[in-house]
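Participant:
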Amino acid sequence: MNPSIGVCYYPEHWLEEWWDNDARRMAEIGIRIVRIGEFAWSRLEPAPGQLQLGWIIRAMDVLGRHGLKVIVGTPTATPPRWMIDKHPDMLAMDREGRRKGFGSRRHYDFSHLGYREECARITHILAEALADHPALAGWQTDNEYGCHGTTYSYSPAARDGFRLWLQHKYQTIEALNRAWGNVFWSMEYSSFEQIDLPNLLVCEAAPAHELDFRRYSSDQVAAFNKVQFDILKAKRPDLPVIHNFMSRYAEFDHYDVAETLDIASWDSYPIGHLATSNEPDEIKRHYLRQGDPDNAAFHHDLYRAVGHGRWWIMEQQPGPVNWGAFNPDPLPGMARLWAWEAFAHGAEVVSYFRWRQAPFAQEQMHAGLLRPDSEPAPGYHEAEQVARELAETGLEGKALQGSIALIYDYQSEWAWEIQPQAAGFRHGDHVRALYSAFRKHGLDVDILPPSTSNFAGYDIVAIPALLFWTDALREAVANFEGHVLIGPRTGSKTENFAIPAKLGPDLPQNLLDARVMRVDSLPAGVDVAVKGGGAARLWREKTEGGAEVIMEDVEGVPVLLSQGKLFYLTASGDRALIQRVADYLLAEADTSILTLPAGVRCRRRGKFRIYVNYSSGPQTIALAADETGYVLGDTEMAPAGISVAKLARAD
Ligand code: GAL
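Using our numbering, the first residue of the sequence shown is number 1, and each one after it goes up by one.
1. Evaluate K542 with the Cβ neighbour count: other Cβ atoms within 10 Å of its Cβ, from every protein chain shown; 16 or more gives buried, anything less gives exposed.
2. Measuring from the CB of V350, is there a heavy atom of the ligand GAL at a distance below 7 Å?
3. On the CB-based measure, 16 or more other CB atoms within 10 Å of its CB, does Q411 come out buried or exposed?
4. Whose C-beta lies closer than 6 Å to the C-beta of L232 among residues of the same chain, with five residues either side of it excluded?
5. Determine the extent of the beta strand (DSSP E) in which S451 is found, giving its start and end residues.
6. Determine the contact status of G533 and R580, defining contact as a CB-CB distance below 8 Å.
7. Which of the three DSSP states, helix, strand or coil, is assigned to C203?
8. Are there any heavy atoms of the ligand GAL lying less than 7 Å away from the beta-carbon of N244, as far as the coordinates show?
9. Of the choices Y611, R489, G103 and P523, whose alpha-carbon is the least far from that of V559?
10. Just the C-alpha distance for D238 and G101, rounded to the nearest angstrom, thanks.
11. Determine which residues share a DSSP beta bridge with D267 and list them.
12. Going by DSSP, what residue range makes up the beta strand (DSSP E) through H483?
13. Applying the 10 Å Cβ sphere with the 16-neighbour rule, what's the burial state of N295?
14. Throw me the rounded Cβ distance for the I36 and T76 pair, which I believe falls under 8 Å.
15. Nearest by alpha-carbon distance to Y435: which of A536, V477, S403 and S453 is it?
16. To the nearest angstrom, report how far apart G64 and A222 are at their CA atoms.
17. Could you check if Y611 belongs to the surroundings of the ligand GAL, using beta carbon to heavy atom distance under 7 Å?
18. Is the beta carbon of W323 within less than 7 Å of some heavy atom of the ligand GAL?
19. Going residue by residue through the segment 5-59, where are the continuous beta strand (DSSP E) segments of at least 3 residues, counting only ones entirely within it?
20. Could you tell me whether the segment 567-579 touches the segment 476-490, using the rule of 3 or more Cβ pairs below 8 Å?
21. What residue range does the beta strand (DSSP E) around D520 cover?
22. Relative to the alpha-carbon of R285, which residue among N327, R304 and R310 has its alpha-carbon at the smallest distance?
23. Under 8 Å by Cβ, that's how I've got R58 and Q52 pegged, so tell me the actual separation to the nearest angstrom.
24. Give a single yes or no on whether E12 has its beta carbon closer than 7 Å to a heavy atom of the ligand GAL.
25. Between L274 and G291, is the Cβ-Cβ spacing less than 8 Å?
26. On the CB-based measure, 16 or more other CB atoms within 10 Å of its CB, does N228 come out buried or exposed?
27. Considering only C-alpha positions, which residue in the set G114, V554, L406 and S277 is nearest to N454?
28. With hydrogens ignored, establish whether the beta-carbon of F480 is closer than 7 Å to any heavy atom of the ligand GAL.
29. Kindly list the residues whose CB is nearer than 6 Å to the CB of A342, restricted to its own chain and excluding five residues on each side of it in sequence; keep chain order.
30. Drop a sphere of 10 angstroms on the beta-carbon of H366, count the other beta-carbons inside from all chains shown, and report buried for 16 or more, exposed for fewer.
31. Counting pairs of Cβ atoms below 8 Å between the segment 7-20 and the segment 345-364, do you hit three or more?
32. In whole angstroms, give me the CA-to-CA distance for I31 and L561.
33. So within the segment 541-570, which uninterrupted beta strand (DSSP E) runs reach at least 3 residues, ignoring any that extend past its ends?
34. Which of helix, strand or coil does DSSP assign to D636?
35. Which same chain residues end up closer than 8 Å to G428 when comparing Cβ atoms and leaving out the 5 residues on each side of it in sequence?
36. Give me, in chain order, the residues of the same chain whose beta-carbon lies closer than 7 Å to that of L466; leave out the 5 immediate sequence neighbours on both sides.
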């Protein structure tokens with residue numbers, strides 16, 4: 001399928017007489033894909049066992065008549081009210097032990113096996129009824145697993161599941177006691193039945209206890225998804241099963257969940273995501289109407305990895321959203337730019353959320369492509385323009401392999417949340433800081449999972465703040481011929497959340513002769529300048545060993561060490577330090593870079609390099625040495641502008 005645009009549609013929100021006109025207008029502006037159904041359980045099954053599937057089939061008929069293809073979402077993120085009467089204990093419990101209530105969405109517990117069966121039942125019913133519909137193009141499982149903080153539940157169902165999971169993992173209680181270090185504070189257990197969830201304790205749980213609970217909870221999300229995947233694939237093996245993930249959300253391991261998906265997708269709301277992020281205020285102000293110029297791209301690259309190369313945007317911000325403290329109107333052109341940027345990073349489909357703004361309920365202030373009075377909102381025209389431009393440029397092919405690889409790991413996100421040691425020390429922040437530093441030079445960056453065993457084709461591989469090494473990853477680093485940047489904190493623990501016998505970064509001496517002897521953790525505002533520029537902040541390591549010192553701070557503490565092509569960064573840095581380190585590596589690796597104006601970013605896909613201008617002013621780019629000319633736009637980029645350059649040769 002050529003790259004296409006789509007839209008999220010809720011036929012159950014509108015009079016049936018409107019559907020035909022809606023579908024006609026969608027097709028007219030170049031929409032090809034329509035996602036429906038993901039919250040419609042109360043209309044599909046108004047009372048237990050009383051199915052009403054006629055309307056969804058008629059909606060698919062109407063959409064299909066206009067040449068539109070449909071993604072049907074399973075409605076399991078919104079169990080209807082009667083379900084709570086049937087399974088009162090399916091509501092998740094928060095960390096304080098309180099049951100959550102009905103009246104919004106995602107009110108279920110991943111560990112509740114009765115609810116999982118209900119989900120299997122409705123999925124099966126939908127598969128039977130809709131699988132052979134000619135308009136059907138694929139399925140979406142549930143909606144945004146974990147949204148609104150719903151991955152973890154501290155319920156009896158979760159406790160029972162956790163005990164079984166632990167028994168399966170450790171086999172004997174002695175092995176668990178050893179792994180968690182339970183001799184400490186007399187925390188030893190004599191049976192698995194004695195183990196509780198790591199909440200409501202007097203003070204913190206053992207970090208391995210907490211980490212295992214997160215691993216368990218993540219496995220429940222994967223198991224939940226697998227149930228639906230198996231049913232849908234059994235019925236139509238040829239149709240893709242997709243899930244829509246989120247921005248900066250790491251409570252479960254997405255690589256694991258995607259083991260039972262054909263395509264990963266994510267929901268991109270750049271302005272809301274910047275507003276709710278921990279980016280500095282100055283960035284928030286600067287990109288108020290555009291969103292962070294690297295955050296959407298980072299997730300495009302992440303979900304390309306999660307989806308094993310296949311990924312979509314299932315929900316694209318079309319205008320102001322409703323869920324930020326403030327919800328600015330995007331700069332004119334951003335709904336076009338965001339879509340183009342996603343396509344540049346390899347998206348197969350970019351689907352706008354939503355067709356028509358709903359005049360009722362929670363999201364009545366959230367823009368759609370149409371206003372509530374059915375007149376076009378600005379996003380409507382921008383979506384139409386994207387569809388036209390996709391056809392005109394003939395964009396196709398894959399996102400090309402980048403020169404930089406960055407490892408992103410969910411367990412490392414959990415670990416440093418459990419034990420930050422310096423408040424605010426996050427795995428993802430380290431990965432994203434490096435991502436931006438490399439991407440500012442026009443380089444294509446790939447995000448890879450920690451299970452990667454071969455780095456062939458990359459100039460530089462970076463592995464910051466990784467919890468522990470697997471043998472395969474250590475070996476991949478040892479065999480890689482390019483440059484490697486690791487640390488800070490990488491390899492500072494074992495899989496069981498203990499300090500490794502040889503101390504971090506736990507690499508063999510022939511790879512890196514350095515050991516972390518002590519950690520200095522600093523509050524915000526207490527930075528230590530690094531000689532030559534930039535500063536260490538939050539986290540400094542004091543090392544010993546024979547590795548060469550490349551940079552040191554003003555107190556003489558080594559900041560960047562090297563041994564051959566392997567580099568070790570001992571500190572968390574401010575932007576200036578991270579940029580210096582990235583630039584140093586690029587020079588060492590002799591990687592050719594582009595010079596881009598502020599706010600301009602780019603990526604290569606197929607035969608093209610696509611430039612996007614996130615700045616609020618015009619910018620001028622130059623034709624790069626490997627480009628022959630522009631098929632869209634040119635060197636002068638308007639605010640929110642796009643330029644698409646043709647590559648001399650696509651590798
Ligand atoms: C997403 C969600 C949608 C809608 C949207 C609003 O998180 O999947 O259902 O709520 O946000 O921006």
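Where a beta carbon is used, it is the ideal one built from N, C-alpha and C, also for glycine.
Facilitator: Answer, in terms of the structure:
1. Looking up residue 542 in the sequence shown gives position 542. Burial call: exposed.
2. Residue mapping note: residue 350 aligns to position 350 of the sequence shown, counting from 1. Checking every heavy atom of the ligand GAL against the Cβ of V350, none is found closer than 7 Å.
3. For the purposes of this step, residue 411 is identified with residue 411 of the sequence shown, where counting begins at 1. Q411 comes out buried.
4. Position 232 of the sequence shown, counted from the start, is the residue given in the question as residue 232. Excluding the 5 residues flanking it on each side, L232 has same chain C-beta neighbours closer than 6 Å at A127, W139 and V241, in chain order.
5. To locate residue 451, count along the sequence shown from 1; it is residue 451. Neither: S451 is in no beta strand (DSSP E) and is coded neither H nor E.
6. Position 533 of the sequence shown, counted from the start, is the residue given in the question as residue 533. Position 580 of the sequence shown, counted from the start, is the residue given in the question as residue 580. In contact: G533 and R580 (Cβ atoms closer than 8 Å).
7. Your numbering for residue 203 matches position 203 in the sequence shown. Coil at C203, not helix or strand.
8. Looking up residue 244 in the sequence shown gives position 244. Indeed, a heavy atom of the ligand GAL lies less than 7 Å from the Cβ.
9. Walking along the sequence shown from the start, residue 559 turns up at place 559. Among Y611, R489, G103 and P523, the Cα nearest to that of V559 is on R489.
10. Position 238 of the sequence shown, counted from the first residue, corresponds to residue 238. Position 101 of the sequence shown, counted from the first residue, corresponds to residue 101. Going from the Cα of D238 to the Cα of G101 covers about 38 Å.
11. Within the sequence shown, residue 267 is the residue found at index 267, counting from 1. Partner(s): E315.
12. Within the sequence shown, residue 483 is the residue found at index 483, counting from 1. Where H483 is concerned, the enclosing beta strand (DSSP E) stretches over H483 to I486.
13. Numbered from its first residue, the sequence shown carries residue 295 at position 295. Buried is the call here.
14. Within the sequence shown, the letter at position 36 stands for residue 36. Within the sequence shown, the letter at position 76 stands for residue 76. In fact, because the Cβ distance is near 15 Å, the residues do not count as touching under 8 Å.
15. Working through the sequence shown from its first residue, we reach residue 435 at position 435. If we check each option's Cα against that of Y435, S403 comes out closest.
16. Position 64 of the sequence shown, counted from the first residue, corresponds to residue 64. Position 222 of the sequence shown, counted from the first residue, corresponds to residue 222. About 32 Å.
17. The sequence position of residue 611 within the sequence shown is 611, counting from 1. Because no heavy atom of the ligand GAL lies under 7 Å away, the Cβ of Y611 does not count as near it: no.
18. Here residue 323 is taken as the residue at index 323 of the sequence shown, counted from 1. Answer for W323: yes, Cβ within range of the ligand GAL.
19. 31-36
20. yes
21. By one-based count along the sequence shown, residue 520 stands at place 520. Its beta strand (DSSP E) spans residues R515 to S521.
22. Here residue 285 refers to the residue found at position 285 of the sequence shown. If we check each option's Cα against that of R285, N327 comes out closest.
23. Working through the sequence shown from its first residue, we reach residue 58 at position 58. Working through the sequence shown from its first residue, we reach residue 52 at position 52. That pair is no contact at about 11 Å.
24. Residue 12 sits at position 12 when you count from the first residue of the sequence shown. It does not: the Cβ of E12 is nowhere closer than 7 Å to a heavy atom of the ligand GAL.
25. Along the sequence shown, one-based indexing puts residue 274 at 274. Along the sequence shown, one-based indexing puts residue 291 at 291. Yes; because the gap between Cβ atoms is below 8 Å, this pair is in contact.
26. Indexing the sequence shown from 1 puts residue 228 at position 228. Note that residue 228 is Gln in the sequence shown, not Asn. The Cβ neighbour count for Q228, taken over all protein chains shown within 10 Å, is at least 16; the residue is labelled buried.
27. As a working note, residue 454 is residue 454 in the sequence shown. N454 has its Cα closest to that of L406, out of G114, V554, L406 and S277.
28. Here the question's residue 480 lines up with position 480 in the sequence shown. Outside the cutoff, so no.
29. Here the question's residue 342 lines up with position 342 in the sequence shown. These residues qualify, in order along the chain: H300, I313 and V350.
30. The residue you call residue 366 lines up with position 366 of the sequence shown. H366 comes out buried.
31. yes
32. Along the sequence shown, one-based indexing puts residue 31 at 31. Along the sequence shown, one-based indexing puts residue 561 at 561. Going from the Cα of I31 to the Cα of L561 covers about 52 Å.
33. 548-552, 558-563 and 566-569
34. The count along the sequence shown starts at 1 and reaches residue 636 at position 636. Residue identity differs from the one stated: residue 636 is Glu in this sequence, not Asp. Assigned with DSSP and collapsed to three states, E636 falls in strand.
35. On the sequence shown, position 428 is the one that residue 428 refers to. R248, A250, Y408 and E413, listed in sequence order.
36. Within the sequence shown, residue 466 is the residue found at index 466, counting from 1. Answer for L466: I407, D409, S412, P450, T490 and G491, listed in chain order.
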